[in-house]
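Under my numbering, the first residue of the sequence shown carries the number 31, and numbering increases by one thereafter. The block underneath contains the structure these notes are about, expressed in structure tokens.
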Amino acid sequence: MKIRTKIYFASDFHLGSPNYDESLKREKRICNWLTQISQDAKELYLVGDLFDFWFEYDKVIPKGFERIKGKLAELSDLGIKIIFFNGNHDLWTFGYFEKELGVKVYKKPQVFKINNKLIYVAHGDGLGRGNFSYKMIKKIYLNTLCQFLFAITPSYIGISIAKYLSNSSRKKNLNYPKKNIHAPLIEYSKKILKNKKIDYFIFGHLHDPKIIELNQYSKYVNLGDCVKHFSYAELDGESLILKNF
Ligand SMILES: [Mn+2]
């Protein structure tokens, strides 16, 4: 029997964006990587925005993404524990990933104890100071009445609206000053460190792979993305490094 020891973290695949052909090319590249890590992976943390837009209706799911869903189901059938955090682009999962892919889904930040290390994981949207307009929008997105109204809107209208919103949020992010994009999440992490010992803070969302030392025992890790960087983090024993594929 193979001994699985490694823990992998990746985020922000944004499948579906910017168009069908480019997304499919990325999806295949990501599936190749998943096949490779399936050799030694014990756990896989998917830290949000796997899909540029995902909304699960009661009886229907969005078209496409067959390869990645199949691959994740295959990995979980191999016994690899897969943990998925909803990002701001794929907030609306309501049990399908758990049932069909064997994935554990978290909607809020979580602390895990892995290999003796305390690891804080979150997608990273809406955390830290500022960004009030987004925090308001997120409340609407998570409101069960709004979700119900969206669910009963015909999908050809609902999905068109959602794709428009998802594109406009990306354009806004592109205009976001590139300087200090990590500052709010670093500040947020340091605040938590005042009351709690955490070894690694792991976030996605910013599409900029980075490891920053917060103090002598704690590090801030941003996973980057699988759109431009194809970056991911690997925890082997007690040390964590960023890699690319
Ligand atoms: Mn995001």
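Glycine included, every Cβ here is placed at the ideal spot set by N, Cα and C. On a predicted model such as this, the values are computed, not experimentally measured, just so you know.
Distance CB(residue i)-CB(residue j) smaller than 8 Å
i	j	result
isoleucine 144	isoleucine 37	yes
lysine 227	leucine 148	yes
lysine 234	glycine 154	Residue identity check: residue 234 is glycine in the sequence provided, not lysine. Contact: yes.
glycine 132	alanine 103	yes
phenylalanine 231	tyrosine 262	no
tyrosine 136	isoleucine 222	no
glycine 188	phenylalanine 83	no
glutamine 69	tryptophan 122	no
Span separating the alpha-carbon of residue i from that of residue j
i	j	result
tyrosine 171	leucine 105	30 Å
serine 199	lysine 193	10 Å
leucine 195	lysine 32	45 Å
isoleucine 225	serine 219	Per the sequence shown, the amino acid found at residue 225 is asparagine instead of isoleucine. Roughly 11 Å separates the two Cα atoms.
cysteine 256	leucine 157	22 Å
histidine 212	glycine 160	13 Å
asparagine 62	leucine 244	34 Å
phenylalanine 142	phenylalanine 43	23 Å
arginine 34	glutamate 264	13 Å
lysine 101	leucine 64	7 Å
asparagine 274	leucine 215	22 Å
tyrosine 247	lysine 209	26 Å
Residue i, buried or exposed, once every other Cβ within 10 Å from all chains shown has been counted against 16
i	result
asparagine 252	buried
leucine 80	buried
Cβ contact check for the stretch 85-93 and the stretch 47-56: 3 or more pairs under 8 Å: No, the stretch 85-93 does not touch the stretch 47-56.
Three or more beta-carbon pairs under 8 Å between the stretch 105-123 and the stretch 68-78, yes or no? With three or more CB-CB distances shorter than 8 Å, the stretch 105-123 counts as touching the stretch 68-78.
Within the stretch 125-153, ranges of the beta strand (DSSP E) (whole runs, at least 3 residues): The stretch 125-153 contains these whole beta strand (DSSP E) runs: 134-136, 140-144 and 147-151.
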